[in-house]
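Each protein sequence line maps, in turn, to chains A and B.
When we follow this note's numbering, the leftmost residue of the first sequence carries the number -3, and every step to the right adds one.
When we follow this note's numbering, the leftmost residue of the second sequence carries the number 2, and every step to the right adds one.
Have a look at the structure below, then the notes.
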Amino acid sequence: MQPRVGLFVTCLVDLMRPSVGFAAARLIEDAGCTVTVPTGQTCCGQPAYNAGDRKTARELALQTIRAFGDCDFVVAPSSSCAAMLRLHYPALFKGQGETELEAKAFAERVHELTDFLANVRRKTETSARFVGRVVHHDACAGLRELGIKNAPRRLLSSVAGLELVEAPETTACCGFGGLFSVKYPEVSTAIADRRIEDLTSTAPDLVTAGDLGCLIHLAGRLHRTGNPLPCRHVAEVLAGELAAPPIAGRAGDTAP
Amino acid sequence: MTPATRTFRENARTALGDAKLAKALGGLPTGLVAQRAAAKARVPEFETLRTAARDIRDHTLSNLDVYLSAFADKAEAAGARIHWAADAAEARTVIAHIALKNGARLVAKGKSMISEEIALNAYLESLGLEVFESDLGEYLVQIRNETPSHIIVPAIHLSRDDVEADFRRHHAHLVPDRDLSTPEALVAEARAVLRERFLAADIGITGANFLVAETGSAILVTNEGNGDLSAHLPKTHIVLASIDKIVPTLADAATLLRVLARSATGQDMTAYTSLLTGPRLQADPDGPAECHIVILDNGRSEMLRSGLGEALRCIRCGACLNHCPVYNAIGGHAYGWVYAGPIGAVLTPAFLGVDQASDLPSASSFCGKCEEVCPVRIPLTSLMRTWRERSRATSGSALQRMALAAWSFAARRPRLYHAATRLGIAMLSALGRSRGAFRRLPFARGWTASRDFPAPQGRTFQQLWAERERGVPR
């Protein structure tokens, strides 16, 4: 029997870019799993948690844990949300007996999408095609909290026609940081400009990342400064789901 | 110094507009950051050392009473006088008392962040004493009437041109047309000026990197030797250190020294590592006749009590500043008080009160680089989050707090959430899809002032997935 994977779609993908959710679902199905999308999920609670509202974060954590009760795995197309589910949920219930055990048991089943595909399902081949140079930006949560670096690169390398290039600085933050981006917009934007300079120094045709937060921030800044460099979630490229315009692109504008 | 932490936002904006500052900070990635990486690469066991360093610090902080009294006994046996200071005012008074009793007029200072923390120079000057900083960077900020903008590189915000101009202005007694075009010439001039002052100083005040309980010694690391001159030349030496500087043994200190310089400057060791134990003994060729050690609490016991003790592991290497994208963008002065960067964001609210400094722990993208490089593995983001919890009611704008509250309310009610978001997203998408992104959005100026906001695709994933489940083609 195929493993049952609950897709934690993330609020940003749900609201901003459902095409990423469909791409993720396709990739998980292609890796031999059935996908379910519990309707009891909303937000992982990270904005509340990082704003210092532990009570709301706990309530959302319990809501999420229970919504995915019947899944073998929980997969999120975001390392930031996956890290919240995997690392911070158990921390939120530390010392709370049964609830802590429940959070820990849940956390063990949680994976970021590319990590799940490459390391849990051992599926590093894709049938997708993309002709061009791609630079991949690592979200900080994936890199430093979950240790994800190779998985998206191995998967991207299997895309026919795709040339993967590395930015000189491989571990830099893009400056998004959730609510940080609106609380301290000038600082956040200054960090983005530095990251964009670094990413664009490789003359890429496309920027990918595994987190829509980083992407909306980077694409929003690129668009504002008149830079036409497109940005897409890595799942879209891996699934060959390129029909939707890139992030911040106009309707009908599908290239690349 | 008067804290400017409450104006953090304006400070940051001003700093971002300062091209000279950007140029000075632009040297960090290829400078201290690259040097640390190279130093770490030369020590295969570096990660193990970090864990050992952390464990030493945790063990010491859990047994602080034992090691503090052991240190005091040993130091007194070596002839030093111990002074306990509960807060900044007590420390200042003790030091002033020693100085005045000795009829001191000129004070040589080694670099000490604790002396910045208690605003010592201004106090001594108010009593008619003359104080000179002997660390080159500290000397530069002193003659400019500024404060350090980095824990270990106080004048990191200055350029060579600034230094030349300051020297010409401040050293007006020297030949006006002298050549100051090279860093070597500048260092030589500082050295000559400072050497005369060292010889005339009545009292030397230094900090301490560590206080060793086993021997009663203060360990001082510098690259300029100025700490040794401050400690040895004047008749009286005062060590100013906080309670968290204690280490149990010399072996423990050695472990910490192995990670300290590598994390700070990428050196295997600093140029000078001095163990200072009591005053001059009869057989010693030189050294101070009197040695005083002022041990300061200033809120640290309270930090230990209130769940912030991990911050006291800090050995002041500055690596978290060097690697922080926020510090790299705005520099140290924007933080508004003595300690900048991630460690400053954790320490400053403890010293000033979180109501005075709630922006500092809030202004972090939580990228985690600071934790990745911290030689004693301080969980800096968790500690910043702790401060966010303690200042939640007042953090951010009223509109932002309301928006987050509304979001939290809806997010805990999935049916309401899905219905409301479906409607909102459909509207937003209808307005913006043809252009791809919004240049301006009501209530979202924080975003759209500098970035376009991508238009949503139109329908929510939950909505589309439900249709797919019902067999409706996408």
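Using N, Cα and C, we set each Cβ at its ideal position, and we do this for glycine too.
Here the structure is a predicted model, which is why all the values come from computation and not from measurement.
**Asked** Excluding sequence positions up to five away, which residues of its chain have a Cβ less than 6 Å from the Cβ of Arg259(B)?
**Response** Leu50
**Asked** Under a three-way DSSP split, which group does Trp316(B) fall into?
**Response** A quick correction: the sequence has Ile, not Trp, at residue 316(B). Of the three classes helix, strand and coil, the one that applies to Ile316(B) here is coil, per DSSP.
**Asked** Between Pro184(B) and Asp167(B), what straight-line distance do the alpha-carbon atoms span, to the nearest angstrom?
**Response** 14 Å
**Asked** Could you check where the beta strand (DSSP E) with Gly2(A) kicks off and where it finishes?
**Response** 0 to 3
**Prompt:** What residues in the segment 167 to 183 of chain A bring their beta carbon closer than 9 Å to a beta carbon of chain B?
**Reply:** Thr167, Ala168, Cys169, Cys170, Gly171, Phe172, Gly173, Gly174, Leu175, Phe176, Ser177, Val178, Lys179, Tyr180, Pro181, Glu182, Val183
**Asked** Which runs of the alpha helix (DSSP H) spanning at least 4 residues fall entirely within the segment 282 to 347 of chain B, listed in chain order?
**Response** Whole alpha helix (DSSP H) segments, 4+ residues: 301 to 306, 320 to 324, 326 to 331.
**Message:** Quick check: what's the CA-CA separation for Gly228(B) versus Leu125(B)?
**Reply:** 19 Å
**Asked** Run through DSSP, which three-state label would Gly205(B) get?
**Response** strand
**Prompt:** Can you tell me whether DSSP reads Phe126(A) as helix, strand or coil?
**Reply:** strand
**Message:** Can you confirm whether the segment 89 to 105 of chain B touches the segment 272 to 280 of chain B when touching is taken to mean that 3 or more C-beta pairs between the two stretches lie within less than 8 Å?
**Reply:** no
**Asked** Which one of Ile239(B), Pro286(B), Thr223(B), Asp253(B) has the shortest CA to CA distance from Gln268(B)?
**Response** Thr223(B)
**Request:** Starting from the beta carbon of Arg246(A), find every residue of chain B whose beta carbon is closer than 7 Å, and list them in chain order.
**Result:** Ser435, Arg436, Gly437
**CB-CB length for Ile187(A) against Gly209(A), believed under 8 Å** = Wrong, their Cβ atoms sit about 13 Å apart, outside the cutoff.
**Request:** Determine which residues of the segment 27 to 60 of chain A have a Cβ less than 8 Å from any Cβ of chain B, and write them out in chain order.
**Result:** Val33, Thr35, Gly36, Gln37, Thr38, Cys39, Gly41, Pro43, Ala44, Tyr45, Asn46, Ala47, Gly48, Asp49, Arg50, Thr52, Glu55, Leu56, Gln59
**Asked** Counting only runs that start and end within the segment 157 to 223 of chain B, where is the alpha helix (DSSP H) found for 4 or more residues in a row?
**Response** 161 to 171, 184 to 201
**Request:** Check each candidate in Pro45(B), Val164(B), Leu159(B) and name the one with the smallest Cα separation from Ala191(B).
**Result:** The alpha carbon of Ala191(B) has as its nearest neighbour, out of Pro45(B), Val164(B), Leu159(B), the alpha carbon of Val164(B).
**Prompt:** Does the beta carbon of Thr422(B) come closer than 7 Å to any beta carbon on chain A?
**Reply:** yes
**Asked** Alpha carbon to alpha carbon, how far is Ser75(A) from Thr422(B)?
**Response** Their backbone Cα atoms lie some 23 Å apart in a straight line.
**Request:** Taking only beta-carbon positions, decide if Val233(A) is within less than 7 Å of chain B.
**Result:** no
**Bridge partner(s) assigned by DSSP for Thr204(A)** = His132(A), Arg228(A)
**Prompt:** Is the CB of Thr15(B) under 7 Å away from at least one CB in chain A?
**Reply:** no
**Message:** Per the DSSP calculation, Ile247(B) is bridged to which residue(s)?
**Reply:** Leu212(B)
**Request:** Note the first and the last residue of the continuous beta strand (DSSP E) segment covering Arg82(B).
**Result:** 82 to 86
**Item:** Rounded Cβ spacing between Val163(A) and Leu139(A) (contact assumed at less than 8 Å)
**Value:** Going by the sequence as given, residue 163(A) is Ala instead of Val. The pair is not a contact, with the Cβ atoms about 13 Å apart (cut-off 8 Å).
**Asked** How many angstroms separate the CA atom of Glu311(B) from the CA atom of Leu22(B)?
**Response** Each residue's CA atom was taken as its position, placing Glu311(B) and Leu22(B) some 32 Å apart.
**Request:** List the endpoints of the continuous alpha helix (DSSP H) containing Glu139(B).
**Result:** 137 to 144
**Prompt:** Name the chain B residues that come within less than 7 Å of Ile24(A), Cβ to Cβ?
**Reply:** Under the 7 Å cutoff, chain B gives no residues; its nearest Cβ is about 13 Å from Ile24(A).
**Prompt:** Hey, would you say the C-beta of Glu104(A) is under 6 Å away from at least one heavy atom of the ligand COA?
**Reply:** Absence of the ligand COA from the depicted structure is noted, as is the absence of any ligand whatsoever, leaving it without description.
**Asked** So what does DSSP say about Gly157(A), is it helix, strand or coil?
**Response** strand
**Alpha-carbon spacing of Arg107(A) relative to Gly18(B), whole angstroms** = Looking at the sequence provided, one finds His at residue 107(A) rather than Arg. Between His107(A) and Gly18(B), the C-alpha separation is close to 41 Å.
**Message:** Quick check: the Cα distance between Trp448(B) and Ser177(A), rounded to an integer number of angstroms?
**Reply:** Taking the straight line joining both Cα atoms gives about 7 Å.
**Message:** Assuming contact is defined by CB atoms lying nearer than 7 Å, are Val355(B) and Arg55(B) in contact in what I supplied?
**Reply:** No. Outside cutoff.
**Asked** Applying a beta-carbon distance threshold of less than 7 Å, which residues of chain B neighbour Val130(A)?
**Response** The premise fails here: Val130(A) is roughly 19 Å from chain B at the closest Cβ pair, so nothing lies under 7 Å.
**Message:** What residue range does the alpha helix (DSSP H) around Ala76(B) cover?
**Reply:** Where Ala76(B) is concerned, the enclosing alpha helix (DSSP H) starts and stops at 65 to 78.
**Asked** Looking only at its own chain, which residues have a Cβ that is under 6 Å from the Cβ of Ala265(B), when we skip the five neighbours before and after it?
**Response** Only Ile153, Cys318, Gly319 meet the Cβ criterion.
**Prompt:** Tell me which same chain residues have a C-beta within less than 8 Å of the C-beta of Arg269(A), skipping the five on either side of it?
**Reply:** In the structure as shown, chain A begins at -3 and stops at 252. Residue 269(A) is therefore absent and cannot be evaluated.
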